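*Asks:* Here it is, the structure in full.
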């Protein structure tokens with residue numbers, strides 16, 4: 017076992033002359049899409065009162081496993097660009113490109129590794145995404161030994177290039193101390209605030225970077241069973257005042273995908289619909305991991321051994337998987353660098369079916385943005401009278417409230433909302449079952465949800 021290296025023995029990070037980074041930042045701004053970050057009537061245009069990121073839907077993509085555009089078997093940035101219309105159909109606000117290996121060479125501009133595609137593909141992706149009102153975010157490792165001027169110089173370079181936000185991540189080889197993390201986050205936040213378009217600093221919650229605007233909150237991705245008490249605790253924590261705004265996620269590269277964790281084939285669709293409902297109706301921002309909208313599972317395979325360094329970063333994921341597009345050309349016209357899981361659903365199969373899991377994500381994401389209660393309403397937990405049933409109500413400043421109720425048990429569960437709501441009925445806003453049928457108006461005083469059932473409705477006097 018190799019013990020952690022002392023600060024003195026760690027390999028020093030590559031240095032970049034500050035004036036050089038500033039020159040790059042100024043030069044990048046001339047041809048970048050920074051100006052397109054603020055369209056008229058687009059959150060973040062300076063007119064909208066609420067920042068776009070507070071309740072945003074992020075979509076995390078590993079470019080090497082998403083779409084291959086040139087037939088070499090590896091996904092690339094041009095492939096992500098080809099699939100932007102699909103991402104737009106999911107109503108995502110921003111894509112998080114992670115992992116994305118950046119080549120840092122003294123005397124040259126930071127660039128994505130050549131495995132991700134040709135020079136210019138990165139800028140083209142930013143511009144094409146912005147035209148669809150989709151922002152682009154990348155990771156920024158917090159590396160011990162790198163000066164504040166170097167870190168802020170890198171941030172200015174990326175922001176000038178058109179990046180909408182930076183996610184701060186721990187550098188596993190040379191991690192910063194907690195004090196340095198907070199100091200750096202504060203300085204990067206000041207840089208972000210100096211750019212237009214409401215640039216954002218995200219951070220993994222474990223970093224404890226209080227100055228970041230958003231914290232990716234992992235509790236929902238750490239469990240292999242659904243628990244009413246755990247969910248209530250996570251929701252209550254997200255509503256706590258004076259804290260970094262949370263980003264909920266259930267799937268990530270650091271954990272097995274949710275269909276693999278819960279491993280209940282008979283209820284996999286119902287569980288996936290429940291998780292989607294949780295992510296897209298709570299008051300928090302949401303981060304979707306590519307493929308979870310079709311229930312993507314990891315392919316059972318031996319990982320290749322001889323691969324480029326950028327591909328090794330993708331293999332570090334707990335469950336690397338290629339996006340199963342189906343149809344023609346699918347993921348690649350060549351031989352994919354990883355096997356495609358043929359047991360999971362494909363986008364081509366689910367795309368035309370509004371009753372599919374993909375259709376459910378699209379409906380919820382549209383409501384998340386367009387329903388005043390779900391887009392900006394205050395959130396209050398409800399007493400359901402049943403530990404397996406979790407409910408909350410979203411109340412907008414004006415308009416009708418929305419009530420969300422989830423049954424986290426594998427059996428039917430009875431609940432009542434009379435402790436918090438007046439007697440009456442709830443009326444479905446969208447189909448609540450996997451078959452696409454509406455549950456009839458239910459009495460607030462007593463109702464039963466099916467196993468892993470969800471209900472999204474509004475108070476109604478019958």
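In the working numbering, the protein residues as written are 17 to 478. Using N, Cα and C, we set each Cβ at its ideal position, and we do this for glycine too. The model shown is predicted, which means the values in this text are computed figures rather than measured ones.
1. Go through its chain and collect everything with a Cβ distance to residue 224's Cβ below 8 Å, but skip five positions before and after it.
2. With C-beta atoms as the reference, is residue 117 less than 7 Å away from residue 337?
3. Which of the three DSSP states, helix, strand or coil, is assigned to residue 473?
4. By the three-class DSSP mapping on this structure, what secondary structure does residue 211 have?
5. Got a sec? Which residues, its chain only, sit under 6 Å from residue 203 by beta carbon, not counting five neighbours each side?
6. Once you ignore the five residues that flank residue 238 on each side, which residues in its own chain have a CB closer than 6 Å to its CB?
7. If you measure from the CB of residue 458, is any heavy atom of the ligand FAD nearer than 6 Å?
8. Determine the closest residue to residue 101 out of 145, 475, 302, 466, with distance taken between C-alpha atoms.
9. Can you give me the start and stop residues for the alpha helix (DSSP H) that residue 374 sits inside?
10. Excluding five sequence neighbours on each side, which residues of the same chain lie with their C-beta closer than 8 Å to the C-beta of residue 417?
11. First and last residue of the beta strand (DSSP E) that includes residue 173?
12. Comparing C-alpha positions only, which one of 267, 130, 87, 427 sits nearest to residue 311?
13. Using only the alpha-carbon positions, how far apart do residue 173 and residue 119 sit?
14. Could you tell me which of 162, 235, 177, 215 sits nearest to residue 200, measuring between CA atoms?
15. Are the beta-carbon atoms of residue 283 and residue 468 separated by less than 7 Å?
16. Taking DSSP as the reference, what is the three-state secondary structure of residue 138?
17. Suppose only complete runs of 3+ residues qualify. What are the beta strand (DSSP E) ranges in the region 266-340, listed by chain order?
18. Let me make sure I understand the geometry here. Which of 259, 235, 243 has the alpha-carbon closest to that of residue 229?
19. Using DSSP bridges, identify the partner residues of residue 261.
20. With contact counted as at least three CB pairs below 8 Å, one residue from each stretch, are the region 212-224 and the region 245-255 in contact?
21. Apart from the five residues on each side of it in sequence, which residues of its chain come closer than 8 Å, Cβ to Cβ, to residue 382?
22. Would you call residue 271 buried or exposed, if buried means 16 or more other Cβ atoms sit within 10 Å of its Cβ?
23. Taking residue 215 as the reference, give the member of 261, 441, 151 with the closest Cα.
24. Is the beta carbon of residue 264 less than 7 Å from the beta carbon of residue 302?
25. Alpha carbons only, please: which of 176, 471, 87, 147 is nearest the one belonging to residue 132?
26. Going by beta carbon distance, what residues of the same chain come within less than 8 Å of residue 373, once the five residues before and after it are set aside?
27. Label residue 147 either buried or exposed according to how many other C-beta atoms from any shown protein chain fall within 10 Å of its C-beta, with 16 as the threshold for buried.
28. Would you call residue 240 buried or exposed, if buried means 16 or more other Cβ atoms sit within 10 Å of its Cβ?
29. Just how far apart, CA to CA, sit residue 115 and residue 330?
30. What is the rounded straight-line gap between the Cα of residue 375 and the Cα of residue 461?
31. Determine, using beta carbons only, whether residue 273 and residue 332 come nearer to each other than 7 Å.
32. Among all the DSSP beta bridges, which residues are the ones paired with residue 128?
33. Could you check what DSSP says for residue 157 in three-state terms: helix, strand or coil?
34. In angstroms, rounded to a whole number, what distance separates the CA positions of residue 324 and residue 391?
35. Measuring alpha carbon to alpha carbon, tell me which residue in 395, 430, 188, 295 is nearest residue 72.
36. Does residue 407 come out as helix, strand or coil in the three-state DSSP assignment?
*Replies:* Taking the geometry as given:
1. Counting only Cβ-Cβ distances below 8 Å, and skipping sequence neighbours, we find 194, 197, 198.
2. Contact flag unset, no.
3. In this structure, residue 473 counts as strand in the three-state DSSP scheme.
4. Here DSSP, grouped into helix, strand and coil, assigns residue 211 to coil.
5. So the list reads 164, 168, once near-sequence residues are dropped.
6. Hits under 6 Å: none found.
7. In terms of ligand content, the structure shown is empty, and the ligand FAD therefore cannot be addressed.
8. Comparing alpha-carbon positions, the option among 145, 475, 302, 466 lying closest to residue 101 turns out to be 145.
9. Looking at the DSSP string, the run of the alpha helix (DSSP H) that includes residue 374 is 373-386.
10. Only 389, 393, 409, 410, 411, 474, 475 meet the Cβ criterion.
11. It is not in any beta strand (DSSP E) - residue 173 instead sits in the alpha helix (DSSP H) that spans 164-177.
12. Among 267, 130, 87, 427, the Cα nearest to that of residue 311 is on 267.
13. The alpha-carbon atoms of residue 173 and residue 119 are separated by roughly 14 Å.
14. Minimum Cα distance to residue 200 is reached at 162.
15. Annotated as proximal: residue 283 and residue 468, with beta-carbon spacing under 7 Å.
16. If DSSP states are grouped into helix, strand and coil, residue 138 belongs with the helices.
17. Counting whole runs of 3 or more residues, the region 266-340 contains the beta strand (DSSP E) stretches 301-305.
18. With distances taken between Cα atoms, residue 229 lies closest to 259.
19. Under DSSP, residue 261 shares a beta bridge with 230.
20. Output reads no: the region 245-255 does not touch the region 212-224.
21. Here the set comprises 107.
22. With a 10 Å radius around the Cβ and a threshold of 16 neighbouring Cβ atoms, residue 271 comes out buried.
23. Answer by Cα proximity: 151.
24. Yes; because the gap between Cβ atoms is below 7 Å, this pair is in contact.
25. When only C-alpha atoms are compared, the closest one is 87.
26. Around residue 373: 285, 288, 289, 292, 309, 310, 311, 361, 366.
27. Under the 10 Å beta carbon count, residue 147 is surrounded by fewer than 16 other beta carbons and is classified as exposed.
28. Its Cβ having fewer than 16 others within 10 Å, residue 240 is exposed.
29. Residue 115 and residue 330 have their C-alpha atoms spaced approximately 7 Å apart.
30. Taking the straight line from one Cα to the other gives about 31 Å.
31. No; because the gap between Cβ atoms is not below 7 Å, this pair is not in contact.
32. In the DSSP output, where bridge partners are listed per residue, residue 128 has 118.
33. It is a strand residue.
34. Per the coordinates, the alpha-carbon of residue 324 lies some 42 Å from the alpha-carbon of residue 391.
35. Distance from the Cα of residue 72 is smallest, within the candidate group 395, 430, 188, 295, for 295.
36. The three-state reading of DSSP puts residue 407 in strand, counting E and B together.
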